[in-house]
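Trainee: Have a look at this one before I ask anything.
There are 2 protein chains.
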Amino acid sequence: MADRSTRRRAVATVCLSGTLEDKLVAAAGAGFDGIEVFEPDLVASPWSPAELAARCADLGLAIDLYQPFRDLDSTDPATVARNRRRARAKFDVMAALGVDTVLVCSAVAPDAVTDDDELAAQLHAAAELAGERGLRIAYEALAWGTHVSTWDHSWDLVRAADHPALGLCLDSFHVLSRGGDPAGFTAVPGDKLFFLQLADAPQLSMDVLQWSRHHRLFPGQGAFDLPAFLGSVLAAGYAGPLSLEVFNDVFRQSDPARTAVDAMRSLLALEAALPVDPLVLPPAPALTGHAFTELAVDGSSGPVVADVLGRLGFAHTGQHRSKPVQLWEQGSARVLLNAGAARPADGEAAVVALAVESVDPTGSAARAEALLAPVLPRTRGNAEAELSAVAAPDGTQVFFARTGPDGWPADFLPTGETSAGAGLTRTDHVGLTQPFDAYDEAGLFYDSVLGLDAGSGSEVAAPFGLVRSRGVTTPDRGVRLALSVSLLRRGGGWAPGVPDPQHVAFATDDAVGTARALRAAGAPLLAVPANYHDDLDARLDLDPALLADLREHGLLYDADADGAFLHLYTEVLGGRVFFEVVQRLAGYDGYGAVNSPVRMAAHRRARQETRAAAPSTRSR
Amino acid sequence: MADRSTRRRAVATVCLSGTLEDKLVAAAGAGFDGIEVFEPDLVASPWSPAELAARCADLGLAIDLYQPFRDLDSTDPATVARNRRRARAKFDVMAALGVDTVLVCSAVAPDAVTDDDELAAQLHAAAELAGERGLRIAYEALAWGTHVSTWDHSWDLVRAADHPALGLCLDSFHVLSRGGDPAGFTAVPGDKLFFLQLADAPQLSMDVLQWSRHHRLFPGQGAFDLPAFLGSVLAAGYAGPLSLEVFNDVFRQSDPARTAVDAMRSLLALEAALPVDPLVLPPAPALTGHAFTELAVDGSSGPVVADVLGRLGFAHTGQHRSKPVQLWEQGSARVLLNAGAARPADGEAAVVALAVESVDPTGSAARAEALLAPVLPRTRGNAEAELSAVAAPDGTQVFFARTGPDGWPADFLPTGETSAGAGLTRTDHVGLTQPFDAYDEAGLFYDSVLGLDAGSGSEVAAPFGLVRSRGVTTPDRGVRLALSVSLLRRGGGWAPGVPDPQHVAFATDDAVGTARALRAAGAPLLAVPANYHDDLDARLDLDPALLADLREHGLLYDADADGAFLHLYTEVLGGRVFFEVVQRLAGYDGYGAVNSPVRMAAHRRARQETRAAAPSTRSR
């Protein structure tokens, strides 16, 4: 059986940011067996090919492919001669590198050969040249090749050229972006499949070259069915490395050590999803709900957040045995206020951890570790309940918890405080603003490590720029995270209050009743403009009684194909956190993202009003 | 004659970042006469429509358009009825705003009417509803409308509907992205042209909706022929405001005050380029060359840069009469080292100003002022030569100078120092790394304010991310600036040495001889990898003697359709500046951008070697 110990994994240097040295260190650090050397990385390197080979050997990395050789074939005899000279020079480089396979892409130049017999002859001649050196050519159809743009066409040519040093390179992007059918791979003898490149991509309606050069993703981060693709390649008898080749504008400028781990995680998850002979990973134990959300607070924000939790109907029910941590509860909604934790530099309060109920916390941690999630040191004392935790891509600590007498609550001494509550029953979701570089990584992380389903997401035009968001959820929706990110990195910009704050959303079965209770308790609810409700009235045939309730209580509204969503927000507390109250009606499955521009404008206004005299408003 | 005093200018709130309040202040500050209110901005605002109208009146802004009304027509009678209700509600809002025109886009919904007679009837009915309220409908064909996607089709429908409250809205993006012909506008009576929206865009091969929503630009920043478009609209008798409607991801998150000025500048330049009745602006006097480039230095970097200039063959020829400023000269290449100027926070040395030779410095300043360039206070003393200066979008000071006995050199006392030189004759170009938000603004700035031509530019995959660059030049190439920017904003990232440093490039007529002289003088030339020259050898049929020279002297090479380019770089000095030496052969017109990844990798290596023990290298 092919498993992690026998199947080799490689990554193209073009996937990673930095100089060649940075890339090698990152690839080796993430556990890759080999690399594809992208020519521009070598050209810019001070290492000779032999020095590069030695450095790779030191790091335990094989060099599996040299690439690319472009525009090999030509209708112009002078160009053909020049290309033979170029090929000889590159074969010298390959010999010094100790790599035996070169990628030759189908030509994109205007002088590309369009006669298949002639093209096969030119490929044969090049393979002869390579074969004399003990090298081999993997021929790949670029999706935008002048004459050859589909994998079947490239296979026709390889078969016609009929040379032992000539085989195919299959690239999932080039095949799947053209709607190619991987089922046909089984017609190719396995020993003619010289190389395999794997990349995912979102489904985009754009020029395929631009799509390929800027928007590729690692497997599992896009829309392609890569388990089926890889399954077909392996079923055809491919025995070479599984190699990632991802051109992505964000990965090109992100920390390569992180990107390489993300890349390796994508391969492990892909292999585990194979239809035949899957990689065996520890299973992801079921997650049954949110156990708690932990906010780091300081001396200034702690009392403010505690006061607001009180007004939201929470009771301070527990005090940690040894640390300055308060437990606040309402129904099964739980918030920890930790005055002893490190906070981000840009806020006095922040979501630093979330705990999910796992039916097997130890198993959850084992799954996470197998998928390269950074396991965090258990900072809780010896006498206290063990909590396994891993770091999410945005730095949030994710705890695997069991809420019960023998679990984490045992760390807390009861205060005896109670509250009548305001109708909040549980944590609906935690909203986490993602660092610009971590959005795609985060989707794959939660999907593979925690077994959550990543939704397709949405994009809204917010006051300070476009924002993308998507939910990641357990199948039964007991655990929900709402991830968001700016479409373009922000920072150093003009707008205050960016990045957008994080939030914790609590569920109620009666949004109107809860809203009434919160207002009576003096909770700092965010003012919603009257224009918003006027527009709802104009656009939707809402029940007049419902609309009156929405207006009276400052509730926002959304609907999807199944149901409806009523929600309200608090003001931002301590610079980086707010709370939300949500009611889901009849299976509504979103997060009211369409209303977030209204919220952001209101949050900005509230911040300005805190700082200066209030301007004229017509909010309620 | 239509000129600035009679023609009204407007901007859609969707062009600007922030809340409605931010947008109004920005639009008024840039001198706009009116705005288009984009509905989501109003919905998120705490102002009632009447309060918004009052605020606009306070700021001297008319409300010229309310938009958009989407999906008005439908094949479903229930939807038609609901849309009438929605229209009545929005007409109430418009009455309170005091705006008389609403934009109705062609429908994009699946239930859009596809029978032209029925569609005209529904438009007629809507116009009747509007007309009763004294309002009017401007109907616009969206380029991706379900049934109506061209302006001629929208005009057929308006004509068929035949209602005085129904007219056309022409949007340059929707017309020109579909290849529509503006010459046909003259067939439309001027009083049926209810509104005009102007936007430019780069020529992109992508889904037209995404192109429109993310990549629009202000006039003059893209590829559309807007003077011809606007000329046709005006020739047809349009008498309404010239209104900008630009959806752009970067503008959405940039300082709105700056964006509004950029927008107004684009309109002024557009009107000045009209084929008939152009706006009269002060002409841009000819610029004949680079007078000097000024670097801010501190006590640590000043001596280092001075030492390097000496090794490059410059002589310290002048000392400022009253300030700690040195003049260094070689041929007509001149560098000022200013130890008294403010530097950016991230470097010990930086390009802070450049001076261009103007045949009429006062006229250049008048042109700049008319195009809203920030005129800088003249900080030079009273007894000293006057130098008019404006701030470029990146903050660089641009001086309009005349080099001669009565000009700025009179501020400098001769030191009597001389140098044999190293063959540098003049400043070829100044390379300015642009802030992420300012790239498109900068192109228009240099084009309109200084009369430079902005080239189409290029994009390269650099070690730390994709980089765009383009030259802006005088027609005779006497003044050249090379602007570059990261494709995505960087910052807070992992890579050292970003943003990329700025540079000054000097011309030589003998790159090999100059390189030999610089090496003999011990100039800190950047090491170029042997792999780079091996690759040149493999790819190009270079004269073996030339290749040997390139190898020996660490020169880089590029070629374009006309000629070739030999160049070399120094190491980075003081964190933010390096020098380049270039030789242009036979009319080469680029900047060797293809070699910049090699340079960046080498600069990173040199920085690392400065900090730590040098790793094994094979550079010369």
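Line by line, the protein sequences are chains A and B.
One rule links them: number in the numbering used here = place in the first sequence (from 1) + 231.
One rule links them: number in the numbering used here = place in the second sequence (from 1) + 231.
For each residue, glycine too, the CB sits at the ideal point set by N, CA and C.
What distance in whole Å lies between the Cβ atoms of Glu371(B) and Asp402(B), which are believed to be in contact at a cut-off of 8 Å?
Mentor: Right, their Cβ atoms sit about 6 Å apart.
Trainee: Is there a Cβ from chain B that is less than 8 Å from the Cβ of Asn479(A)?
Mentor: False, the Cβ-Cβ gap to chain B never drops below 8 Å.
Trainee: Please identify the residue among Leu448(B), Arg390(B), Gln484(B) and Asp253(B) whose C-alpha is closest to the C-alpha of Arg836(A).
Mentor: With distances taken between Cα atoms, Arg836(A) lies closest to Asp253(B).
Trainee: Bridge partners of Trp375(A), per DSSP?
Mentor: None, per the DSSP bridge assignment.
Trainee: Just to confirm, are Gly398(B) and Leu424(B) a CB contact at a threshold of 8 Å?
Mentor: Result yes, Cβ atoms of Gly398(B) and Leu424(B) sit closer than 8 Å.
Trainee: Determine the closest residue to Ser474(B) out of Thr417(B), Arg240(B) and Glu579(B), with distance taken between C-alpha atoms.
Mentor: Of Thr417(B), Arg240(B) and Glu579(B), the residue nearest in Cα terms is Arg240(B).
Trainee: Anything in the segment 310-330 of chain A with a Cβ closer than 7 Å to a Cβ of chain B? List those residues in chain order, please.
Mentor: Result list: Arg313, Arg317, Ala320 and Lys321.
Trainee: Can a CB atom of chain A be found closer than 8 Å to the CB of Val829(B)?
Mentor: Interface residue, yes.
Trainee: By how many angstroms is the C-alpha of Tyr297(A) removed from the C-alpha of Met325(A)?
Mentor: For Met325(A) and Tyr297(A), the distance between alpha carbons rounds to 7 Å.
Trainee: Closest to Arg574(A) by C-alpha separation, out of Gly626(A), Gln550(A) and Thr548(A), would be which residue?
Mentor: For the residues Gly626(A), Gln550(A) and Thr548(A), the minimum Cα distance to Arg574(A) belongs to Gly626(A).
Trainee: Report the option in Val587(B), Gly541(B) and Leu505(B) whose CA atom is closest to the CA atom of His521(B).
Mentor: Of the listed residues, the one whose Cα sits closest to His521(B) is Val587(B).
Trainee: So, under 8 Å CB-CB, His355(B) and Ala392(B) are touching, yes? Tell me the CB distance rounded to an integer number of Å.
Mentor: Yes, they are in contact, since the Cβ atoms of His355(B) and Ala392(B) sit about 4 Å apart, within 8 Å.
Trainee: Determine the DSSP secondary structure at Gln665(B), reduced to helix, strand or coil.
Mentor: Correct three-state label for Gln665(B): coil.
Trainee: Just checking my contact of Gly578(A) with Gly806(A) at CB under 8 Å: how many whole Å lie between their CB atoms?
Mentor: Their Cβ separation, rounded to whole angstroms, is 4 Å, which keeps Gly578(A) and Gly806(A) in contact under 8 Å.
Trainee: Taking the runs of the alpha helix (DSSP H) that are 4 residues or longer, which of them lie wholly in the segment 249-301 of chain B?
Mentor: Runs found: 251-260, 270-274 and 280-290.
Trainee: Using three-state DSSP, classify Pro645(A) as helix, strand or coil.
Mentor: In the structure shown, Pro645(A) sits in a strand (DSSP, three-state: E or B).
Trainee: Using DSSP with H/G/I as helix, E/B as strand and the rest coil, what is Asp684(A)?
Mentor: Three-state result, Asp684(A): strand.
Trainee: So Leu816(B) is in the beta strand (DSSP E); what residue range does that whole segment cover?
Mentor: Looking at the DSSP string, the run of the beta strand (DSSP E) that includes Leu816(B) is Val808 to Leu816.
Trainee: Count the other CB atoms, across all protein chains shown, that sit within 10 Å of the CB of Glu349(B); report buried if there are 16 or more and exposed otherwise.
Mentor: It is exposed - the Cβ of Glu349(B) has fewer than 16 other Cβ atoms within 10 Å.
Trainee: Any idea if Ala261(B) is buried or exposed, counting beta-carbon neighbours within 10 angstroms, 16 or more meaning buried?
Mentor: Classification of Ala261(B): buried, given that the 10 Å Cβ count is 16 or more.
Trainee: Assign Pro534(B) to one of three DSSP states: helix, strand, or coil.
Mentor: The answer is helix: DSSP assigns Pro534(B) an H, G or I state.
Trainee: When you compare each of Glu359(B), Asp508(B), Val812(B) and Val268(B) to Thr250(B) by their alpha carbons, which one comes out closest?
Mentor: With distances taken between Cα atoms, Thr250(B) lies closest to Val268(B).
Trainee: For His551(B), which residues in the same chain have their Cβ closer than 7 Å to its Cβ, ignoring the five residues on either side in sequence?
Mentor: Excluding residues within five positions, the ones whose Cβ falls inside 7 Å are Asp642 and Phe643.
Trainee: Round the Cβ separation of Leu567(B) and Val582(B) to the nearest angstrom and send it over; I've been treating them as touching at under 8 Å.
Mentor: With a Cβ gap of about 10 Å, Leu567(B) and Val582(B) do not count as contacting.
Trainee: Can we say the segment 751-762 of chain A touches the segment 821-839 of chain A, given the rule of at least three CB pairs closer than 8 Å?
Mentor: Segments in contact, yes.
Trainee: Can you list, in chain order, the stretches of the beta strand (DSSP E) that have 3 or more residues and sit fully within the segment 545-577 of chain B?
Mentor: Segments of the beta strand (DSSP E) lying fully in the segment 545-577 of chain B: 546-551, 556-561 and 564-569.
Trainee: For Arg770(B), which residues in chain A fall below 7 Å Cβ to Cβ?
Mentor: Here the neighbours are Arg317.
Trainee: Apply the 10 Å Cβ neighbour rule to Leu799(A) and answer buried if 16 or more other Cβ atoms are within range, or exposed otherwise.
Mentor: Leu799(A) should be labelled buried.
Trainee: Comparing alpha-carbon positions, which option in Ala601(A), Val812(A), Gly821(A) and Ala651(A) lies nearest Gly688(A)?
Mentor: It is Gly821(A) whose Cα lies nearest to the Cα of Gly688(A).
Trainee: Do you know offhand how far Arg483(B)'s Cα is from Gln428(B)'s?
Mentor: Taking the straight line joining both Cα atoms gives about 18 Å.
Trainee: For Pro514(B), which of Gly471(B), Ser589(B), Val743(B) and Arg315(B) has the nearest alpha-carbon?
Mentor: Nearest option by C-alpha distance: Ser589(B).
Trainee: Enumerate in chain order the residues of its own chain whose CB-to-CB distance from Gln628(A) is below 7 Å, with the five nearest sequence positions on each side excluded.
Mentor: Counting only Cβ-Cβ distances below 7 Å, and skipping sequence neighbours, we find Val583, Ala584, Leu607, Ala620 and Ala622.
Trainee: Taking C-beta pairs closer than 8 Å, name the residues in chain B that Thr250(A) reaches, listed in chain order.
Mentor: Near Thr250(A) (Cβ distances below 8 Å), the residues of chain B are Pro694, Ala832, Arg835 and Arg836.
Trainee: Suppose you measure from the CA of Arg238(A) to the CA of Ala494(A); what does that come to, to the nearest Å?
Mentor: About 16 Å.
Trainee: Of all Cβ atoms in chain B, is any one closer than 8 Å to the Cβ of Met437(A)?
Mentor: Chain B, which has a Cβ nearer than 8 Å to the Cβ of Met437(A), makes this yes.
Trainee: Using three-state DSSP, classify Ser436(B) as helix, strand or coil.
Mentor: Coil.
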